[in-house]
Amino acid sequence: MNKVYPDARSALEGLLKDGMMLMSGGFGLCGIAETLSDAIRESGVRDLTVVSNNAGVDGIGLSRLLETRQIRKMISSYVGENKLFAQQFLAGELELEFAPQGTLAERIRAGGAGIPAFYTKTGVGTLVAEGKEVKEFDGEQYLMERGLFADLAIVHAWKGDTAGNLVYRKTARNFNPMMATAAKVTVAEVEHLLPAGQIDPDQIHTPGIFVKRIIQVGTGLKRIEQRTTRKREMAAAATGEEV
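The opening position of the sequence shown corresponds to residue 190 in the working numbering, with each subsequent residue numbered one higher.
Shown next as structure tokens:
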């Protein structure tokens, strides 16, 4: 079975439909499947429900799908860096299912493990609990949260092989491994594509059985969400400034 495709458009062919649920890996701009999300934008598919920690930042990542009004609903845990997201939500043009970050991660993991629901103390007595079943265990209140399983997951990895095995780099791992298990079809974009067998089995984060299609995108542009700098101590000492 050939899993390698020449580009994002061909890798997504036959997978996209209006109203589908999409999982998109990443945290901020770290580990996002930018090439694949741009190809989804170009496809024109609409009314998407997107599961992602956030919606990128204005003009980058999933935010480009907000620009074209292709997203109907977001299931997220953090949306504070995106002005367009806030504008559409406050105008009633975008639905939002807000989830605590750990709960969101567990909902995705549960979906990939075939667990339809679980109970957690997180959110009890808050707005997060509205409309959800509450049950008592050992004298404590717990919320029932549903697992999530998408039609399609798009993930970004540092290395992959032609069998679909993936290795994520440092914090770019974030939500990607969980999402790769929690969809009918997972499409991966990788910076470095190797022949099957060239990745040490002990280093594999996502086994190839979860990945149906893969493309190579190269290292590309490493974007920084918020650039924070300080003067170097030696430079400050040379000018006599306080550090």
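Here a beta-carbon is modelled for each residue, glycine too, at the ideal position from N, C-alpha and C.
Taking the CB atoms as reference points, tell me whether residue i and residue j lie closer together than 8 Å.
| i | j | result |
| --- | --- | --- |
| residue 266 | residue 244 | no |
| residue 433 | residue 269 | With the chain running from 190 to 432 in the structure shown, residue 433 is simply not present. |
| residue 371 | residue 337 | yes |
| residue 306 | residue 334 | yes |
| residue 232 | residue 273 | no |
| residue 378 | residue 404 | yes |
| residue 249 | residue 412 | yes |
| residue 239 | residue 211 | yes |
| residue 292 | residue 315 | no |
| residue 348 | residue 304 | no |
| residue 346 | residue 365 | yes |
| residue 227 | residue 207 | no |
| residue 343 | residue 225 | yes |
| residue 437 | residue 401 | This structure cannot settle anything about residue 437, because the visible part of the chain is limited to 190 through 432. |
Got a sec, what are the start and stop residues for the beta strand (DSSP E) residue i sits in?
| i | result |
| --- | --- |
| residue 362 | Run containing residue 362: none; DSSP gives neither H nor E here. |
| residue 332 | 329-335 |
| residue 306 | 306-309 |
| residue 286 | 284-287 |
Does any C-beta atom of chain D lie closer than 8 Å to the C-beta of residue i?
| i | result |
| --- | --- |
| residue 310 | The structure shown contains no chain D; it holds only a single protein chain. |
Can you give me the C-alpha to C-alpha distance between residue i and residue j, rounded to a whole angstrom?
| i | j | result |
| --- | --- | --- |
| residue 399 | residue 368 | 10 Å |
| residue 220 | residue 277 | 25 Å |
| residue 167 | residue 289 | Residue 167 lies beyond the residue range present for the chain, which begins at 190 and ends at 432; the question has no answer from this structure. |
| residue 373 | residue 281 | 30 Å |
| residue 362 | residue 218 | 12 Å |
| residue 324 | residue 317 | 15 Å |
| residue 319 | residue 326 | 19 Å |
| residue 191 | residue 205 | 20 Å |
| residue 409 | residue 416 | 18 Å |
In the DSSP output, which residue or residues are listed as bridge partners for residue i?
| i | result |
| --- | --- |
| residue 349 | 355 and 382 |
| residue 324 | 331 |
Starting from residue i, trace the alpha helix (DSSP H) both ways and give me its first and last residue.
| i | result |
| --- | --- |
| residue 295 | 290-301 |
| residue 223 | 223-232 |
- Task: Inspect the CB distances between the stretch 386-397 and the stretch 353-369 and report whether three or more fall short of 8 Å.
- Result: yes
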